[in-house]
Amino acid sequence: MNPLVSDTQAEATIYAPWRSLGEKSCYSEDSLAETLDGGQSFRWQITDSGFWQGAWNSFVIQLRLKGDCLQWRAPRESTVPREEVLRYLAIDTSYEDMISELPWRSDSVLEEAIQSFHGLRILKQPLGETLFSFLLSSVKSIPQIKELCLLAAQQYGEEIIPGVHALPTWARLAEVEEVDLRKLKFGYRAKYVSATANRLVNEPEFLSIVEAAPYEEGRSLLMELPGVGGKVADCALLFGAGKLEAFPVDTWIAKALSARYNLNDWSLDQLATFGRIHFGRFAGLAQQFLFSFERKKAR
DNA sequence: CCGCAGCCTCCCCT
DNA sequence: AAGGGGAGGCTGC
Numbered sequence: 000m001n002p003l004v005s006d007t008q009a010e011a012t013i014y015a016p017w018r019s020l021g022e023k024s025c026y027s028e029d030s031l032a033e034t035l036d037g038g039q040s041f042r043w044q045i046t047d048s049g050f051w052q053g054a055w056n057s058f059v060i061q062l063r064l065k066g067d068c069l070q071w072r073a074p075r076e077s078t079v080p081r082e083e084v085l086r087y088l089a090i091d092t093s094y095e096d097m098i099s100e101l102p103w104r105s106d107s108v109l110e111e112a113i114q115s116f117h118g119l120r121i122l123k124q125p126l127g128e129t130l131f132s133f134l135l136s137s138v139k140s141i142p143q144i145k146e147l148c149l150l151a152a153q154q155y156g157e158e159i160i161p162g163v164h165a166l167p168t169w170a171r172l173a174e175v176e177e178v179d180l181r182k183l184k185f186g187y188r189a190k191y192v193s194a195t196a197n198r199l200v201n202e203p204e205f206l207s208i209v210e211a212a213p214y215e216e217g218r219s220l221l222m223e224l225p226g227v228g229g230k231v232a233d234c235a236l237l238f239g240a241g242k243l244e245a246f247p248v249d250t251w252i253a254k255a256l257s258a259r260y261n262l263n264d265w266s267l268d269q270l271a272t273f274g275r276i277h278f279g280r281f282a283g284l285a286q287q288f289l290f291s292f293e294r295k296k297a298r
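Next up, the structure:
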């Protein structure tokens, strides 16, 4: 039924044995789920056997939590370097040091959010893929964005292993007519994707320039792209370029800041600036805690 | 500089 | 049962 999910028997033969990614991942089932499937990435889901399965670039892996130990495995036929996995999951960075630098000691709202999602991390996804998925995100819920990504992958993405497709490259997307993207339920976002694809193909260095640039400069560059405003740019920079100071302000964060920090009638831009100043160098991580916490309370 | 409707489509609500 | 309102925004007026 679901193309990303294989049955239990097939899994055993297709996949290499489980390997550890480290005893001290700090993850709980909750914070792992929130990291993989809480709005940073739209490419993870639970298999029949209860593992997480996800894909980026041409990599497919599965993850599971065995006690405190995060484990991973990849299809036998594919080559997935361990370093790639560590980098994507941001396990190589000093997590506790970042937490320590957040102002939770003087901010009880943040403190409570961190406690309830300890282990939550910011992923380091490929920038191009991150930009693509957030171009589709406007006025869409997470399940809807996941479906759009899946449709695009199945239609225009390379098949990595049987049944699992990579997201389409920007080069491929540039070849696709806007009307065909609309057929994939993209709606008015089809125009953004087509126009952005054309620009990126004409300027092949664009995304690597963005990634190498300081935060503010990268943000301005991304916002030159059609369909990319402040929020989408910040999401791409935070989840796809390792710019941890980016502070995306969506409706959830706006609601949280307004209610909990008493910032009524502030514009989205003002809230983003407040977030970067108040939460500091790792504002984006604080944002993710607040975002997850706010959504949890709504459930 | 600010505020606002319109944009595709799906889903939930009455 | 048909129709309105809103959903992790951006653009142009």
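Position 239, counted from 1, in the first sequence is what numbering that gives the first Met the number 0 calls 238; the numbers after and before it change by one each time, with no gaps.
Just so you know, even glycine gets a beta-carbon here, dropped at the ideal spot from N, CA and C.
All values derive from a computational prediction rather than experimental measurement.
Judged by beta-carbon spacing, Leu166 lies within the 8 Å limit of Glu128, meaning their Cβ atoms are closer than that value. In the DSSP assignment, the residues bridged to Leu69 are Leu64.
Contact holds between the segment 99-107 and the segment 275-284, because three or more Cβ pairs, one in each stretch, are under 8 Å apart. Annotated three-state conformation of Trp43 is strand, per DSSP. Between Ala112 and Phe246, the beta carbon gap of about 14 Å keeps them out of contact (Cβ cut-off 8 Å). For Gly49, the number of other beta carbons within 10 angstroms of its own is below 16, and it is reported as exposed.
Cα atoms of Val231 and Ala194: separation of roughly 16 Å, rounded to the nearest angstrom.
With contacts defined as CB atoms closer than 8 Å, Pro125 and Gly239 qualify as a contacting pair. Collapsing the DSSP output to three states places Phe58 in a strand.
For Glu158, the uninterrupted beta strand (DSSP E) segment begins and ends at Glu158 to Ile160. Selection Gly279, Glu22, Gln44 and Ser19 evaluated against Ile141 yields Gln44 as nearest (Cα-Cα).
In the three-state reduction of the DSSP assignment, His277 falls in the helix class.
Of the other Cβ atoms in all chains shown, 16 or more fall within 10 Å of the Cβ of Ala189; this residue is therefore buried. Note on geometry: alpha-carbon atoms of Gly162 and Glu76 lie some 14 Å from one another. For the segment 134-213, the full-length alpha helix (DSSP H) segments reaching 4 residues or more read 141-155, 169-174, 177-182, 188-201 and 205-211 along the chain. Runs of the beta strand (DSSP E) lying entirely within the segment 227-261, each at least 3 residues long, are absent. For the options Val200, Leu236 and Leu109, the alpha carbon positioned closest to that of Ile252 is the one of Leu109. At the C-beta level, Gly38 and Phe290 come within 8 Å of one another. Note: Pro74 is bridge-paired with Tyr14 in the DSSP secondary-structure output. Of the candidates Gly53, Ala235, Ala89 and Glu176, the residue whose Cα lies closest to the Cα of Ser207 is Ala235. The DSSP-derived three-state label of Ser24 is coil. Nearest Cα to Gly21 within the set Ile90, Ala54, Glu177 and Glu174: Ile90. Judged by DSSP in its simplified three-state form, Gly53 adopts strand.
Assigned with DSSP and collapsed to three states, Ser19 falls in strand. Rounded to the nearest whole angstrom, the C-alpha separation of Asn197 and Glu216 is 21 Å. With contacts defined by Cβ atoms closer than 8 Å, Leu88 and Leu64 do not form a contacting pair. At the C-beta level, Arg72 and Tyr14 come within 8 Å of one another. Boundaries of the alpha helix (DSSP H) around Gly283: Ala282 to Ala297.
Taking the Cα positions, Leu69 is about 6 Å away from Ser24.
Using a 10 angstroms sphere on the CB of Val178, the tally of other CB atoms stays under 16, which defines it as exposed.
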